[in-house]
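J.: Here it is, the structure, as structure tokens.
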Amino acid sequence: MFEPPYPPYDPKDKSGYETVVKRWPVILTGIIDTIYRIDHHLGVSLETSDATSEDVTKGQEKIAEGKGIIEKIGKLKYEMARDRPLEPIPDDGEAFIDVYNAELKRLEQDKNHTWFTAPWLFAECYLYRLLRSYFCQTTHWCTFDPFSFQKEETFRSSGKAIYQLAKMMHELQVDKQELIGDSEKLGVLFKEMIQMCLWGNATDLSLLTHLSHDDIAHLQTVGKEAQQARKEFILKDDQDNVWSHLTSLQDNDVTVDFVLDNAGFELFTDFVFADFLVTYTPHVSRVVFHPKLIPWFVSDVTPADFSSTIPNLLSDTFFPPPKPVGGTETPGVDEVKALPPSRPEEHEYLRNMVTRWQSYIDSGVFSLSVPLDTPLGAPNSKADFWTSSRPYWDLKEKAPLVFNGLSKSGLVIFKGDLNYRKLTGDIKWPVSTPFETAIDNCTGPLAGSFPILSLRTNKADVVVGISQEIADKLDVAGEKWRVNGKYALVSFVPRT
Ligand code: F6P
Ligand code: MG
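With the numbering used here applied, the sequence shown has no gaps in its numbers, which climb one by one up to 572 at the end.
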């Protein structure tokens, strides 16, 4: 086993501490509320509807199981707040029981096995795996994603930015012939696309536990000016290198892989970027998307989220109609005024674009790394690895199938903060450590195995690939630049 050269971040560090004390309890309470509401509605409907006795039995079983899960989560919250040891993952028949429990044993020997002493990355992955065990050991909640309502609701409130991006793609479609032959213009557009996809990562439900939908709409502001204004917040910027890499690909059968992060708006931006790559550049023929197989860090994409995205976008009723101009909800008024007037056309632009995506899925140009109808928790060696607690420098050894698949890729795009933490092992690297050194834990063999692009807005402490001077300046200015989601890193390592 590799001995990391620096210690991991843990909850003794400020952001880890805030996560254990504030963020996780809010997330756990949210799950309790969700189950409670479902149980309550079910109870009412069993009393009032003409349910058969079989329905009533099943319904009552489900309510009782729901109560059982609520109890377990309540206990977990209690233990977390009191810094109790992390319990072993029960034998629930799903992935990585041994991996998590062996690591727990190792941590116990070092007396680092409680909520405030365990490495932050490990404890956070463990939390979602433990939650999964509560659901998968039941009959009626086994395929239930406790975050699905939240994911969908936030997606619904992203309509404004989604229509804007659909309009932008429509404008590209109009100029398609001209664009395809103009490598310089494509290079400029490529960077806009990268940035759109990068900032799409700013919307993350596990982080934004305290924001309103209007705040989220603000974060999703798209368009040239918004991008330009955010440019200075990209602390490491390898965009030019990625474009040079893509244009150098001679093979006419190039695949790009997206190791996905969040569902909803972020996944929408991933689709837009993927669409741009295959529709407008001559460099990419296929895109493979890699989801998570269990509910993960609240907002991450599961196969069900992936599959429902296109039908949701095609539904006429998915996005709520805009609020009336001059209405009483003051915070929304400016947003509404900013809406382009041509709603019906925009609807059409969105429909055209999304219909193209569907055709790409039908023809295999876009695909998911696992079958689209994969139920939660179904083991699949092509995707399990993403919900282990392992750093990605273990990929070759622990998930050879995934590693070999990615080795053939023209570009592997790792989306978001958690993927970045796992790429770098979430250890206390000095900020000036080169990205390629950090992702290999100095020992290999990840950097150079395939071209890697990480698009990450900073939500957790680990940062590499920037100068100490920049870090010092931001620290002196009192910026929470490592964690506030305002700063970002575009990090690229080519194949060697
Ligand atoms: O900081 C909050 C947090 O939950 C981190 O623990 C985690 O790395 C991140 O948010 C998830 O962000 P993303 O969805 O970008 O991976
Ligand atoms: Mg996420």
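Just so it is clear, CB atoms sit at the ideal spot from N, CA and C, and this is done for glycine as well.
#1: List the residues that DSSP assigns as beta-bridge partners of P161.
#2: From D168 to Q185, what distance separates their C-alpha atoms?
#3: Of the residues E163, K236, I238 and K252, which one's Cα is nearest the Cα of S209?
#4: Please determine whether the Cβ atom of E200 lies at a distance below 7 Å from any heavy atom of ligand 1.
#5: Here's the rule I'm using: 16 or more other beta-carbon atoms within 10 Å means buried, otherwise exposed. How should F344 be labelled?
#6: Is it the case that the Cβ atoms of F394 and N388 are separated by a distance below 8 Å?
#7: What did DSSP end up calling P407 once you bin it into helix, strand or coil?
#8: List the endpoints of the continuous alpha helix (DSSP H) containing S233.
#9: On a CA-only basis, which of K148, A140, T133 and E94 is nearest I114? Give me that one, please.
#10: Inspect the beta-carbon positions of K504 and D337 and report whether they are closer than 8 Å.
#11: Does the Cβ-Cβ distance between W462 and L522 come in under 8 Å?
#12: Which residue's Cα is closest to the Cα of D575: R362, E342, F309 and D316?
#13: With respect to the beta strand (DSSP E) encompassing K491, which residues constitute its N-terminal and C-terminal limits?
#14: Can the beta-carbon of S435 be found closer than 8 Å to that of F198?
#15: Apply the 10 Å Cβ neighbour rule to G554 and answer buried if 16 or more other Cβ atoms are within range, or exposed otherwise.
#16: Taking the C-alpha atoms as reference points, what is the distance between Y563 and G541?
#17: What are the boundary residues of the beta strand (DSSP E) that D548 is part of?
#18: Leaving aside the five residues before and after Q213 along the sequence, list all residues of the same chain whose C-beta is less than 8 Å from its C-beta, in chain order.
#19: Which whole-angstrom value describes the C-beta separation of F334 and I489, a residue pair presumed to lie in contact below a C-beta threshold of 8 Å?
#20: Distance check for D392 and S418, CA to CA, integer angstroms please.
#21: Cβ of F231 within 7 Å of any heavy atom in ligand 2?
#22: Can you find a heavy atom of ligand 1 that lies under 7 Å from the Cβ of L104?
#23: With a CB to CB cut of under 6 Å and the five nearest residues on each side skipped, what residues in its chain are close to Y204?
#24: Is the beta carbon of I146 closer than 8 Å to that of P222?
#25: Comparing the CB of F373 with every heavy atom of ligand 2, is any distance shorter than 7 Å?
#26: DSSP state of R99, grouped into three classes?
#27: Ordered along the chain, which non-local residues of its own chain (more than five positions away) have a Cβ less than 7 Å from that of S567?
#28: With burial defined as no fewer than 16 other Cβ atoms inside 10 Å of the residue's Cβ, what is the status of D548: buried or exposed?
#29: Grouping DSSP H, G and I as helix and E and B as strand, with all else coil, what is P222?
#30: I'd like the list of long-range same chain contacts for F225, defined as Cβ closer than 8 Å, with 5 residues on each side in sequence excluded.
#31: Who are the Cβ neighbours of H246 in its own chain at under 6 Å, not counting the five residues just before and after it?
#32: Note the first and the last residue of the continuous beta strand (DSSP E) segment covering L529.
#33: Apart from the five residues just before and just after E132, which ones in its own chain have a Cβ nearer than 7 Å to its Cβ?
#34: Report the residue from G440, S445 and V430 whose alpha carbon sits nearest the alpha carbon of T378.
#35: Under a three-way DSSP split, which group does H366 fall into?
T.: Looking at the coordinates:
#1: In DSSP, P161 forms a bridge with T190.
#2: Rounded to whole angstroms, D168 to Q185 spans 25 Å at the Cα level.
#3: Here the closest residue by C-alpha is E163.
#4: Yes, the beta carbon of E200 sits closer than 7 Å to at least one heavy atom of ligand 1.
#5: Buried, since its Cβ has 16 or more Cβ neighbours within 10 Å.
#6: Yes; because the gap between Cβ atoms is below 8 Å, this pair is in contact.
#7: With a pLDDT of 36 at P407, under the threshold of 50, the modelled position of this residue cannot be trusted; read the value that follows with caution. In this structure, P407 counts as helix in the three-state DSSP scheme.
#8: Note, S233: premise wrong, no alpha helix (DSSP H); not H, not E.
#9: Answer by Cα proximity: A140.
#10: At a Cβ-Cβ threshold of 8 Å, K504 and D337 do not count as neighbours.
#11: No. Outside cutoff.
#12: Because the chain spans 77 through 572 in this model, residue 575 falls outside it and cannot be assessed.
#13: From DSSP, the beta strand (DSSP E) with K491 extends over L487 to K491.
#14: Not closer than 8 Å, so no.
#15: Exposed: under 16 other Cβ atoms inside 10 Å.
#16: If I take the Cα positions, the gap works out to 14 Å.
#17: The continuous stretches of beta strand (DSSP E) do not include D548, which lies in the alpha helix (DSSP H) extending over residues Q544 to V552.
#18: Contacts found: P166 and D168.
#19: With a beta-carbon spacing of about 5 Å, F334 and I489 fall inside the 8 Å limit used to define contacts.
#20: Low local confidence applies: a pLDDT of 46 at S418 is under 50, so the model's placement there is unreliable, with the coordinate-based value given in what follows. C-alpha separation (whole angstroms): 16 Å.
#21: For ligand 2, not one heavy atom lies less than 7 Å from the Cβ of F231.
#22: Incorrect: L104 has no Cβ contact closer than 7 Å to ligand 1.
#23: Spatial neighbours of Y204 in its own chain (CB-CB distance under 6 Å, excluding positions within 5 residues in sequence) are listed in chain order as W372.
#24: Going by C-beta atoms, P222 is not nearer than 8 Å to I146.
#25: Yes.
#26: R99: helix per DSSP, three-state reduction.
#27: So the list reads K312, D314, F511, S530 and G541, once near-sequence residues are dropped.
#28: D548 comes out exposed.
#29: Three-state result, P222: coil.
#30: Taken in chain order, the residues that qualify are T110.
#31: Answer for H246: Y425, listed in chain order.
#32: For L529, the enclosing beta strand (DSSP E) has its first and last residue at I528 to T533.
#33: Going by the sequence as given, residue 132 is Val instead of Glu. Apart from the 5 residues on each side of it in sequence, V132 sits with its Cβ closer than 7 Å to the Cβ of L122 in its chain, given in chain order.
#34: Residue nearest to T378 within the set G440, S445 and V430 is S445 (criterion: CA-CA distance).
#35: Note: H366 maps to strand in three-state DSSP.
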